[in-house]
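Asks: Dumping the structure here so I can ask a few things about it.
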Amino acid sequence: MRLYDAIQDWIMSNAGEWWTYLVTAILCWLDGFFPPLPSESIVIAMSTLSSTHGGPVQLWILVPLAMAGAWAGDNTAYWIGRKVPLERLFRGERGARLLAKAHHLIHHKGPEVLLSGRFIPGYRIAVNMVAGHVRLPYKRFMVIDFVATALWAALGVGIGLAAGSLFRDRPLLGIIVGVALGLLVGWMIERIGKWREWRKLAKTLKALDAEGK
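Residue 119 is where the sequence shown starts when you use the working numbering, and the numbers rise one by one after that.
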């Protein structure tokens with residue numbers, strides 16, 4: 119219990135300092151092109167301690183910086199995909215499958231996959247790099263990604279505010295619950311995407327079977 123209180127006191131005494139906003143922006147940037155870093159988690163955690171609930175974090179500073187970092191990270195991934203052969207980055211069987219899937223989705227769904235990909239850590243890296251690799255028009259990519267990062271930031275802040283309101287007197291518990299909810303939402307978005315793919319495949323197979331008859 120003492121350790122829990124000590125961690126909670128440390129978080130409350132440091133949250134809202136200028137460097138916490140800077141760390142958030144940097145993590146959001148790196149998470150756009152580097153194997154998964156906790157950008158969603160830190161946005162949710164910071165939002166849980168928002169001044170809305172009497173905490174030290176100012177949302178008017180947090181939201182623009184989180185969006186700017188995420189947008190810069192996605193654009194960095196785009197240009198990496200445009201300049202570097204992706205086979206060097208996505209090695210092994212799993213990497214090849216992920217790359218092939220991203221290629222397929224970019225060609226067939228475009229904006230939809232760029233929007234949904236932002237909510238799935240790791241997967242968004244492949245999607246944005248492939249967007250650069252296939253030379254999706256950069257102006258179009260920037261606009262779509264701006265919308266995606268705005269929705270992503272709004273979701274993270276919303277989850278954080280909800281957790282903060284439920285556990286107003288226990289901020290550390292609010293952070294834990296908020297981060298867990300964020301991970302659950304990301305998992306659900308990924309599952310829904312896969313369910314839709316399987317459903318589409320089943321329809322295609324059914325149509326082919328009918329043609330064969």
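Think of the CB as a built atom: it goes at the ideal place given N, C-alpha and C, for glycine as much as any other residue.
#1: In three-state terms, what does DSSP make of Val252?
#2: Is Met260 near Ile198, with beta carbons less than 8 Å apart?
#3: For the alpha helix (DSSP H) holding Gly212, just list the boundary residues, first then last.
#4: Give the straight-line distance between the Cα atoms of Val245 and Glu205, rounded to the nearest whole angstrom.
#5: On the three-pair Cβ rule with 8 Å, is the segment 157 to 167 touching the segment 277 to 285?
#6: Does the contact criterion of 3 or more C-beta pairs under 8 Å hold for the segment 214 to 224 versus the segment 165 to 182?
#7: Where does Phe251 land, buried or exposed, given buried means 16+ other C-beta within 10 angstroms?
#8: Would you say Gly191 and Cys146 are within 8 Å of each other, going by their C-beta atoms?
#9: Put Val175 into one of helix, strand or coil per three-state DSSP.
#10: Hey, is the segment 166 to 174 in contact with the segment 282 to 291, meaning 3+ C-beta pairs nearer than 8 Å?
#11: Cutting at 6 Å between CB atoms, please list the residues of its own chain near Ile262, excluding the five before and the five after it.
#12: Tell me which residues share the same chain as Glu158 and place their Cβ nearer than 6 Å to its Cβ, disregarding the 5 neighbours each side in the sequence.
#13: Ordered along the chain, which non-local residues of its own chain (more than five positions away) have a Cβ less than 6 Å from that of Gly187?
#14: Can you find the residues in the same chain that come closer than 8 Å, C-beta to C-beta, to Pro153, ignoring five residues on each side of it along the sequence?
#15: Which value, in whole angstroms, describes the spacing of the CA atoms of Ile238 and Ala298?
#16: By Cβ distance, which residues of its chain are closer than 6 Å to Thr77, with the 5 residues on each side in sequence left out?
#17: Would you say Arg253 and Arg200 are within 8 Å of each other, going by their C-beta atoms?
#18: When the Cα of Arg236 is compared with those of Trp137, Leu207, His225, Asp149, which residue comes out closest?
#19: Could you give the uninterrupted runs of the alpha helix (DSSP H) lying entirely in the segment 253 to 293, keeping only those of 4 residues or more?
#20: Taking the alpha helix (DSSP H) that Pro154 falls in, what are its first and last residues?
Replies: Working from what's here:
#1: Correct three-state label for Val252: coil.
#2: No. Outside cutoff.
#3: Reading off the sequence, residue 212 comes out as Arg, not Gly. It spans 210 to 226 - the alpha helix (DSSP H) in which Arg212 sits, taken as one unbroken run.
#4: Approximately 14 Å between the Cα atoms of the pair.
#5: Because the criterion of three Cβ pairs below 8 Å is met, the segment 157 to 167 and the segment 277 to 285 touch.
#6: Counting Cβ pairs under 8 Å, fewer than three are found: no touch.
#7: Position check: residue 251 holds His in this sequence, whereas Phe was assumed. Buried, since its Cβ has 16 or more Cβ neighbours within 10 Å.
#8: It is a contact, given that the beta carbons lie within the stated cut-off.
#9: For Val175, the secondary structure class from DSSP, reduced to helix, strand or coil, is strand.
#10: In this structure the segment 166 to 174 touches the segment 282 to 291; the number of beta carbon pairs closer than 8 Å is three or more.
#11: In the same chain as Ile262, and ignoring 5 residues on each side of it, the C-beta atoms closer than 6 Å to its own belong to Pro229, Leu232, in chain order.
#12: Here the set comprises Gly274, Gly300.
#13: Excluding sequence neighbours, Gly187 sits near Ala143, Cys146, Trp147.
#14: Closer than 8 Å at the Cβ level, and outside the excluded window around Pro153, lie Gly240, Ile243.
#15: Rounded to whole angstroms, the gap between the alpha carbons of Ile238 and Ala298 is 14 Å.
#16: Past the boundaries of the shown model lies residue 77; the chain is included only from 119 to 331, so the question cannot be answered.
#17: Cβ distance < 8 Å, so Arg253 and Arg200 count as in contact.
#18: It is Asp149.
#19: 256 to 284, all fully within the segment 253 to 293.
#20: Note, Pro154: premise wrong, no alpha helix (DSSP H); not H, not E.
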